[in-house]
Amino acid sequence: MFSFFKPSSTLVAIGAVILFLPQFAQAYIVFSTDSVVSYSPSGSWFILDEPGSAGCGTEFLLGARSNGIVTFTFPAPSTTLQWWGFQRSDGGVAQVCVDNLPCTQFSYKNASTNGSENPRLLANITGLTNKVHTVTITNVLDTSVNAFGQLTVDRFVLSGSLPAPTFPSNTFISSVPLGFAYHAPIILGGNKPALNVLLDTGASNVWVISNLCNSNNCAGHNKYAPGPGFQNLSIQDTVVFGSGGPDNTLVTWRVNDSVTWGTSTIAETTIGAAVGIPTGEALDGNFGMAKSAYAKCGAGNYNNFLENMFMQGDIVNAVIALYQLDGSEGAPSGVTSEGSIGGLDANKFTDSIDWIQMNPQGQWQSPASQRIVKTSSSSSGVDATNLFNHPVLAFDTGDNQLLGLPH
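Residues -27 to -1, 1 to 380 (mature numbering (1 follows the signal peptide of the UniProt record, and there is no 0)) are what the sequence shown spells out, left to right.
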């Protein structure tokens, strides 16, 4: 979920990003690899990246077909359910049960399919009460061919409504000074002074320059030094930019160590300790804020520090709020730009907040957003949605070529 402050609001605050709390006024996608979906028998299901597969790929029942069962618990209330998967030419019927309601059978047989089509809508259930439901999909005998088909799950699509999140006045919030373009001082392990890092909503992983980087590219930077709780995970990650070579390559080793944000410290979270960085890096590191704890499409992703702080109970709400001043707001003396975690500070804005739909996984993206364009501060807004050739809006504080968080 992402928030926008209404035009009548005082723009002392610019935005708040909410992790793990999906809001979906339109369609909400749950990928086949999400933790709320389970498959049995566990050794009979495999992820395949087929044409049109969503997320990390489609789950295929490659084992004994007569025993295939999928269980899916909604992550939030919904009044509808769509099940998307691949049709099979050799037959297939599934029984879909929602809670204790009567079950319904859906055929996913299509004699004309050749296996190259994108996933199709296999079941569409409407009229549910707006609450969390549990769905069971069981592969059953297709009597038209006297055989069991190959069951697949590409994604589920839900719709429903949720009340806007609320934060009690006594909610614990920890803050750090927020510099230009979402730069903030963070303490890791045993390093002091703090490292100046980018709070990057377009990346999920964290890397910082370590004291093991001795190249000229690392000179002049504050560097991460291991703390008392340091653990070397012995996993190397390498990212090559542009034409490659040492001056265009980021090399990090995954380690576990403490991270301190303002007055909050998490004793153990995974970061990338950089031993080689591209030339021209102005900051000491990059703190990814994109959601990484949903579906992981490979070994490259790990929970970021905010997700870990939430799951370990260090903060009550998995929230990062970025309050950015541009100097024109007339803010009282002492009010500065801040990056906060743990909740939303009602002292930073007036009026109310609009909450908009975001993709459940990966970057902070709004899948289908209306675009209102104003030619001047005094003109009325014009709906220019159809003039854009990309329906997705990405909120990426790390890329000034994309739509950044609003100032």
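We put the beta carbon where it would ideally sit given N, CA and C, even for glycine.
Run of the beta strand (DSSP E) containing residue i, from where it starts to where it stops
| i | result |
| --- | --- |
| F45 | I42 to T46 |
| N290 | Here N290 belongs to no beta strand (DSSP E), and DSSP marks it neither H nor E. |
| L256 | Neither: L256 is in no beta strand (DSSP E) and is coded neither H nor E. |
| D327 | I326 to I329 |
| residue 409 | This structure gives no information on residue 409, because the portion of the chain shown stretches from -27 to 380. |
| G312 | E311 to I314 |
| L34 | T31 to L34 |
| Y197 | It is not in any beta strand (DSSP E) - Y197 carries neither H nor E in the DSSP assignment. |
| S13 | V10 to S13 |
Cα-Cα separation, residue i to residue j
| i | j | result |
| --- | --- | --- |
| P(-6) | D63 | Bear in mind that a pLDDT of 40 at P(-6), under 50, signals an unreliable position, so the number given afterwards is only what the model happens to contain. Distance between the alpha carbons of P(-6) and D63 is about 38 Å. |
| L206 | I293 | 27 Å |
| N290 | F283 | 6 Å |
| C191 | G249 | 8 Å |
| A263 | S117 | 47 Å |
| W57 | L360 | 30 Å |
| F278 | T242 | 6 Å |
| N276 | G261 | 10 Å |
| F(-4) | H194 | Model confidence at F(-4) stands at a pLDDT of 41, short of 50, so the residue's coordinates are unreliable and nothing is read from them. |
| S8 | C70 | 19 Å |
| residue 404 | V346 | With the chain running from -27 to 380 in the structure shown, residue 404 is simply not present. |
| A268 | L21 | Any reading at A268 needs caution, since the residue's pLDDT is 47, under 50, leaving its predicted position unreliable; the model's value is listed next. The straight-line gap from Cα to Cα measures roughly 14 Å. |
| G65 | V105 | 28 Å |
| residue 385 | A304 | The chain is shown only over -27 to 380; residue 385 falls outside these bounds and no answer can be derived. |
| G175 | V308 | 27 Å |
| G30 | S265 | 16 Å |
| N320 | V108 | 42 Å |
| F121 | S339 | 39 Å |
| C78 | I110 | Checking the displayed sequence, the identity of residue 78 turns out to be Gln instead of Cys. Distance between the alpha carbons of Q78 and I110: 9 Å. |
| D127 | F59 | 8 Å |
| L114 | Q123 | 11 Å |
| T238 | S147 | 10 Å |
| S349 | Q297 | 22 Å |
| V149 | S313 | 6 Å |
| Y197 | L94 | 50 Å |
| K165 | N184 | 12 Å |
| A67 | G286 | 40 Å |
| residue 385 | W18 | A query on residue 385 cannot be resolved here, the shown segment of the chain reaching from -27 to 380 and no further. |
| A367 | N119 | 48 Å |
| residue 381 | S85 | An answer regarding residue 381 cannot be provided, because it is not within the stretch -27 to 380 covered by the chain. |
| Y12 | F129 | 14 Å |
| N213 | T323 | In the sequence on display, residue 213 carries Val and not Asn. So the two alpha carbons sit approximately 45 Å from each other. |
| P219 | T252 | 9 Å |
| G28 | W337 | 15 Å |
| T211 | T222 | 7 Å |
Proximity test, Cβ basis, 8 Å: residue i and chain B
| i | result |
| --- | --- |
| N103 | Going by chain labels, chain B is absent from the structure shown, which holds only one protein chain. |
Opposing strand residues paired with residue i [DSSP bridges]
| i | result |
| --- | --- |
| W234 | S237 |
| residue 426 | Not covered by the structure: residue 426. The range shown for the chain is -27 to 380. |
| L124 | The partner list for L124 (beta bridge, DSSP) is empty, contrary to what the question assumes. |
| G249 | V224 |
| R61 | K82 |
| Q204 | N229 |
| N112 | A67 |
| Q55 | N97 and V130 |
| Y275 | In DSSP, Y275 forms no bridge with anything. |
| A367 | Q338 |
| D356 | I345 |
| L298 | The partner list for L298 (beta bridge, DSSP) is empty, contrary to what the question assumes. |
| F19 | F33 |
| T243 | N229 |
| T107 | T46 |
Segment limits, alpha helix (DSSP H) that includes residue i
| i | result |
| --- | --- |
| E90 | It is not in any alpha helix (DSSP H) - E90 carries neither H nor E in the DSSP assignment. |
| N101 | For clarity, residue 101 is Leu in the given sequence; the question names Asn instead. No alpha helix (DSSP H) contains L101, which DSSP labels as neither H nor E. |
| L74 | Neither: L74 is in no alpha helix (DSSP H) and is coded neither H nor E. |
| L279 | F278 to M284 |
Residue i CB to nearest heavy atom of the ligand SAM below 7 Å
| i | result |
| --- | --- |
| Q123 | Summarising the ligand content, the structure contains no ligands, and the ligand SAM is consequently not present. |
Integer-rounded CB distance, given that residue j should sit under 8 Å from residue i
| i | j | result |
| --- | --- | --- |
| I182 | V232 | Going by Cβ atoms, the distance from I182 to V232 rounds to 15 Å, so no, they are not a contact pair. |
| L172 | N112 | L172 to N112, Cβ: 46 Å. No contact. |
| N91 | G25 | 3 Å |
| D257 | V179 | Actually they do not touch by this definition, with Cβ atoms about 12 Å apart. |
Handout entry: beta strand (DSSP E) runs contained entirely in the segment 144 to 184, provided each spans 3 or more residues
Key = Here the runs fully enclosed are 147 to 150, 156 to 161, 168 to 173 and 179 to 182.
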